[in-house]
Amino acid sequence: MRYAMVIDTLKCVGCSDCVVACQTENNVPIGYCRDWITETVNGAYPSIELELKSERCNHCDNAPCVRCCPTGASHQLDNGIVLVTADECIGCGACIESCPYDARYQHPDGYVDKCTFCHHRLEKGQLPACVSVCPTKCMYFGDLDDPNSEVSQLLKNRKHKTLAPEAGTKPQVYYLI
Amino acid sequence: LNMFGANSYLDELVKQNVTKKFKRTPTYCEVCFWKCAAWTYTDEEGNIQKIIGNENDSHCYGRLCPRGTGGVGMYNDEDRLKTPLIRTTINGEETFREASWEEALDLIASKFSNIKEKYGPEAIALLKHGSPGKHLEHLFKAFGSDTIAEPAYAQCRGAREAGFALTYGSWVGSPEPTDIRDTKCLVLIGSHIGENMHNSQVQEMSDAIDNGATIITVDPRFSTAASKSKHWLAIKPATDIALMLAWMNVIIEEGLYDKEYVEKYTTGFNQLKDHVSTFTPEWAYGITTIKPEEIRKTARAMASASPSVIIHPGRHVSWYGDDTQRARSIAILNALLGSWGRRGGFYFKESIKVPKYPSPKYPHPKWDWKNIGEKYPVAQMGITSEVIKCSIPSKDNKYPIKAWMVAGTNITKSIPEKEMLEKAMDELEFMVVMDTMPMDVTGYADVVLPECTYLERYDDIRSATNREPSIAVRVPAVKPKYDSKPGWWVAKQIGERLGLGDYFNYDDYEEVIEWQLQQMGTSLDEMNKIGVKNFSRTSGPLYLNENEAYHFPTASGKIELYSQELKNLGFDPLPNYIKHPEPPQGFYRLNYGRAPMHTFSRTANNPNLNDLKSENNLWVNPKVARILGLKTGQEVWLKNQDEITSNFPIKVRVTERVRWDSVYMVHGFGHTNKKLSRAFGKGINDTQLISKVAIDPIMGGTGMRGNFVSILTENPHKNIEL
Amino acid sequence: MQEELFTSGRNIPNIDPSLQIWHWPISVYLFLGGLAAGLLFFAALITVLKKDKEYPAAVKFASIVSPIALTLGLLALFYDLTHKLYFWRLYTTIRIESPMSWGAWVLLIITPISFLWVFSYYTELFPKWKLKFNFLNTFEKFLQENRMNMAIALIPLSIVLGIYTGILLSAFNARPLWNNAILGPLFLTSGLSTGAATIILLAKNTKERHLFSKIDLALIVIELGLIIHMLMGMYAGSEVQLEAMQLLVGGEFTLMFFGFVIILGLIVPAILELTELIGYKVPVAVPAILILIGGLVFRFVMVEAGQITRYLY
Ligand SMILES: Nc1nc2c(c(=O)[nH]1)N[C@H]1C(S)=C(S)[C@@H](COP(=O)(O)OP(=O)(O)OC[C@H]3O[C@@H](n4cnc5c(=O)[nH]c(N)nc54)[C@H](O)[C@@H]3O)O[C@H]1N2
Ligand SMILES: Nc1nc2c(c(=O)[nH]1)N[C@H]1C(S)=C(S)[C@@H](COP(=O)(O)OP(=O)(O)OC[C@H]3O[C@@H](n4cnc5c(=O)[nH]c(N)nc54)[C@H](O)[C@@H]3O)O[C@H]1N2
Ligand code: SF4
Ligand code: SF4
Ligand code: SF4
Ligand code: SF4
Ligand code: SF4
Ligand SMILES: [Mo]
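Residue numbers (our numbering), protein chains in the order written: chain W, 7 to 183; chain U, 153 to 874; chain R, 61 to 373.
Structure below.
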């Protein structure tokens, strides 16, 4: 079991539904976020390229945030999901500094928080909240260990990339390009 | 059971989350007018946690757009209107005092009665939008006034409805019956789907991308849709008709049109052929700046997809005053390519009629919105701007309006020509505003009524017009917060005070809905469980049946490429390109549009959505930025051709996505009411700078894209003594 | 033109600007940790070499500073934690891969030893204040007898502590400015140098002062070499590292870095120390204090600038 997310940048319109949905699903306080949208524009009028992307914790295979955590609050499950246990976290911020994607933030209650791949929903057989609301259906979620899963198939058949692969973290959120 | 396989891990926090009990209540979204059906989830303490699309809704395919998901903020916003307010004067200064419902409603009833006595009920106008409008419309018609209008006509889709009605005999309507899901070629003329988040269209456009459909976007700005398109035609603003005439020229000259369809279903082809024969791509190039081969290539792409091609009618089309003619061009192109009534083109939509709850007949008003708009015979709805004009006393005003009720529309943001609007409001004897938020418009009212949000009330049954008919109900998920009340209750209370109790023969709107649902073979009980009920079609197939004759509801029974009706009214029977003014030296055309996470002005203060985007930016081309020395993030002010200066500054965004002759901003920001703690003073209100409108002579629409602004880097308000 | 921006989410007050979550306490903590490491290292080394009678400042007077520095350092670290109630969680596990974890453990061991060390000199340090209880006197005796054992333990522990202050940062692959192998030795050298400076400051005889001036000079030369090495490494590195280096050599931290760290914190004190060694009269407090300030500023620059450097955006 290796959970991964695949996001089709050719369909994403940058609407931010995934950001609000995460807020309401996961009680992310106003003023904070677990996911966000970036817009990249290249070229000069009228030959321009635009890429919109929904970004979040990459649930890295080689997760520096887990390694640097002094208490074990940051940990990785067998299915690849990287989580923080709030009442083991001392708020030292080491994991925030260690993440090349700036995917973590300090919750106003003091502990560090980030995307959980909506692990509580997976338990119930539901897709992550962001995936389930996306109006362009450009987000896919599933098991990379299963060669027949939608995500495996998409990665097999389509051109894709990950963010900052040079950081060596082996990110598990893939972008179809 | 777990659809992703076994997962042994369950930490304490997550366990709590999983076991939390939510109650779900059916509703349909009111953050825009699409009305997607949804479930409101409330926790045990009665807090609204989240709103999720209803998976059975063929109108939204179970997904909400960001605004719908952020609808919780409409309820939670602590700046909401909390009690009725009545205008008073304290120490010579006009202000509002809190009042009881009793007092506010009595005051409204007595004012309405007085005005009825003096001028007749017609002198009270209803300006409305969205669900609350329905209840008040009933009240007004019962009272004897059909002086009703909404900004969603003359400021929005009116021109395309007129253009399509003139061509096909029926208007496009909402939602547009575009078969985007199955199209092979989608052509967007300015329509910026993806920023314009009309939900099912966004979803279907995404399906179309998956299906490899060719998307062609015509837009002077590099819109999100343009970035998804195979062809982006970076057109010079205000020249779309020229482009479309050239497309028709290519399609006809090269014989690419659907000959059988044109033969069978249209009239006036020969006139059209003659008309466009000189409008070659080379001719259009000089006007639109789009290269002739680009025009030919895109025309051929459309034709090769025919009839599974959609030249999208657009929605907010009040641009340059010749908008009905532009809509006609779109309608004609669709006809040439045979897409109306074809798979992947336009389907025949259907909705189910919700039976009307028994109530006495409405009296006949002496004059109504039609009379007010009589200069524009093609108009099919009230023209808000004409209603406003009639509210300014003058000798030749045949339809004097003395009072307004405004509900669910923030006219100070949605109606251009602020000076005229303020003059009208100044002249009124009485003005009531019913809103949920202390929007700018409430500041002009004599009485402000706080409506509760859509999550706290019953409303009419939503009957959606789609491929298959469906209905959805709105049931309150929680009790109204503060001292706010549902619109139906307000209508009934005013009605009873005006002696119209017979028209409101129920204690709770629940009874009305229950009765209607019973008539439709269901019940509120059932609807509470399912939220949405889908019905099968009864009007016939989704597309034209090629073996049967089809009668279009036009005078000729055919698609009127050549419009005799327009000819008779003294307008061009076939569209012509006319040149529109261009920005003078030092000025830029003010272009505006939508941001996907906001609806007009209504969401600017919504805590969840404000968090996503708290202000609008001024998009400026790098060339312009270089000349004016502007940097991203810098605050500037705008001044338009009529010397109107923006109240607030706006932050510059230097971007290649906009042309050098225009600047662009998202509509709906720059709020002036300080009670909006998040939205006040954030960004610029485009409407303030739209002081010049180009009125569409055919249907009275107010073209708003002909305003030009200069960019000020110094605060123009600095030296003004206050 | 290339344009990259956050459409939503990140550009909100609590996220992007405050992703710089390490504030001054962390710099102070790293500085004090390094200082204590230096002091304890020299005290232990001199003791092991049985030169403790000749160099009283190093083993005795200056080592009063280390428990104080360690305590203040720990307080600073604690102050910067945002979920303080769970502080004890640090000591329910040992996480080999986490510098923060083994730093916490090293501190847990070294801080009491530093107290015991000072206590072993109690009678010599505070001859006027007699210990009230007999068992304390016995305890002091016991410690004096075991001073050599403490010293043997302190040598590796202090080196680990000194390196740790650098590795804590360099382990962060995500911050290109920090992510280089030189930061550990560099911070260790700098810590030793600040330790030596403190000893110089407190030394009463010229012999001790001169020995530590020589040691310090050598340390400064090494430190300068390491800094040059670090910058060269970044210069030859990836684009993000190049950008990181720009912050130090041609960006907002240049003045702090070259002015306070390299010139005033290393080169000037080196010259002053050299001048004094040759025999000219120089107030010895000046280079020592400059080195201490330089060391502190160096931590500030590295912590602040490092957090700005990123892979993305
Ligand atoms: N998120 C969100 N979605 C919404 C709404 C909302 O408030 N928020 N409102 C809804 C409503 S009621 C409506 S009516 C629709 C409106 O949505 P649309 O019908 O898509 O709106 P328009 O204003 O026609 O389109 C704006 C686009 O037109 C381009 N444009 C400007 N001038 C010209 C020109 O001369 N020629 C061409 N070809 N293009 C031009 C602009 O650059 C911009 O990209 O959106 C609906 N959807
Ligand atoms: N400059 C400029 N003008 C425009 C446009 C533009 O793009 N630029 N767009 C035009 C178009 S396409 C349209 S459709 C119109 C839309 O114009 P409006 O319908 O005026 O749109 P909003 O600004 O969203 O105003 C809605 C008002 O309803 C209130 N409201 C929201 N929910 C409720 C409710 O449940 N009950 C009550 N009583 N009130 C509620 C909101 O607080 C707000 O004051 O604007 C048009 N005008
Ligand atoms: S919800 Fe989907 S389309 Fe919208 S921004 Fe997120 S990923 Fe993109
Ligand atoms: S993205 Fe950042 S927080 Fe997430 S697993 Fe990777 S390093 Fe850790
Ligand atoms: S902040 Fe919390 S989760 Fe992050 S490293 Fe420190 S203890 Fe671990
Ligand atoms: S997977 Fe869940 S937690 Fe992660 S961004 Fe999506 S909604 Fe938020
Ligand atoms: S399109 Fe969005 S805002 Fe409009 S009704 Fe649907 S969910 Fe609500
Ligand atoms: Mo509209």
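Backbone N, C-alpha and C define an ideal beta-carbon position, used for all residues, glycine too.
Here the structure is a predicted model, which means the values were calculated and not measured.
| query | result |
| --- | --- |
| Who are W:A50's beta bridge partners in DSSP? | W:S53 |
| Using a beta-carbon distance below 9 Å, is R:M294 in contact with chain W? | no |
| According to DSSP, W:T181 sits in a beta bridge with which residue or residues? | In the sequence on display, residue 181 of chain W carries Tyr and not Thr. In the DSSP output, where bridge partners are listed per residue, W:Y181 has W:I13, W:K167. |
| Along the chain, where does the beta strand (DSSP E) that runs through R:Q62 open and close? | 62–68 |
| Does any C-beta atom of chain W lie closer than 9 Å to the C-beta of U:S210? | no |
| How about R:F66: is its C-beta nearer than 9 Å to some C-beta of chain W? | yes |
| How about W:P70: is its Cβ closer than 8 Å to a heavy atom in ligand 2? | no |
| Mind checking if R:E312 is an interface residue toward chain C, Cβ cutoff 9 Å exclusive? | Judged by its chain identifiers, the structure shown contains no chain C, and its protein chains are W, U and R. |
| Please go through the same chain and pick out, in chain order, the residues whose beta-carbon is closer than 8 Å to the beta-carbon of W:C66, but skip the five residues on each side of it. | V88, T175, K176, P177, Q178 |
| With a CB to CB cut of under 7 Å and the five nearest residues on each side skipped, what residues in its chain are close to W:G78? | E94 |
| Let me make sure I understand the geometry here. Which of U:G833, U:Y271, U:L257, U:S458 has the alpha-carbon closest to that of U:P517? | U:Y271 |
| Count the other CB atoms, across all protein chains shown, that sit within 10 Å of the CB of U:P705; report buried if there are 16 or more and exposed otherwise. | exposed |
| Counting only Cβ pairs nearer than 8 Å, list the residues of chain W close to R:E157. | R73, C74 |
| If we count the other Cβ atoms within 10 Å of its Cβ and call it buried at 16 or more, is U:I730 buried or exposed? | exposed |
| Mapping DSSP to helix, strand and coil, what is U:Q532? | coil |
| Tell me whether the beta-carbon of U:N562 lies closer than 9 Å to the beta-carbon of U:D592. | yes |
| U:P774 touches chain R at which residues, Cβ-Cβ below 8 Å? | M61 |
| If you draw a straight line from the C-alpha of R:Y181 to the C-alpha of R:G319, how long is it? | 39 Å |
| Report whether the distance from the Cβ of W:M145 to the nearest heavy atom of ligand 3 is below 8 Å. | yes |
| How about U:C308: is its Cβ closer than 8 Å to a heavy atom in ligand 8? | yes |
| Cβ of U:G852 within 9 Å of Cβ of U:S491? | no |
| Quick check: does the Cβ of U:P329 come within less than 8 Å of any heavy atom belonging to ligand 4? | no |
| Would you mind working out which of R:V119, R:F313, R:E312, R:F102 sits nearest R:L217, comparing C-alpha positions? | R:F102 |
| Residues in the same chain with beta-carbon distance under 6 Å from U:I482, minus the five sequence neighbours each way, listed in chain order, please. | I463, P465 |
| Taking Cβ positions, are U:N837 and U:T854 nearer each other than 9 Å? | no |
| In three-state terms, what does DSSP make of U:T177? | strand |
| Could you check whether the Cβ of U:W384 sits closer than 9 Å to any Cβ belonging to chain W? | yes |
| DSSP puts U:P602 in a beta bridge; with which residues? | U:D587 |
| Just to check, is the beta-carbon of W:E31 closer than 8 Å to a non-hydrogen atom of ligand 6? | yes |
| Is the shortest distance between the beta-carbon of W:T142 and the beta-carbons of chain U less than 9 Å? | yes |
| Quick check on U:W399: buried or exposed, where buried means 16 or more other Cβ atoms within 10 Å of its Cβ? | buried |
| Would the beta-carbon of U:P774 be found less than 8 Å away from any heavy atom of ligand 5? | no |
| So U:E603 contacts chain R; which residues on that side make the cut at Cβ distance below 7 Å? | Neighbours of U:E603 on chain R: none; closest Cβ ~29 Å, over 7 Å. |
| Would you please state the rounded distance, in angstroms, between the beta carbons of U:T299 and U:D520? I believe it to be under 8 Å. | 6 Å |
| List, in order along the chain, the chain W residues whose C-beta lies closer than 7 Å to that of R:A234? | P70, E103, S104, C105, P106, A173 |
| Identify the continuous alpha helix (DSSP H) that holds R:Q204 and give its terminal residues. | 194–205 |
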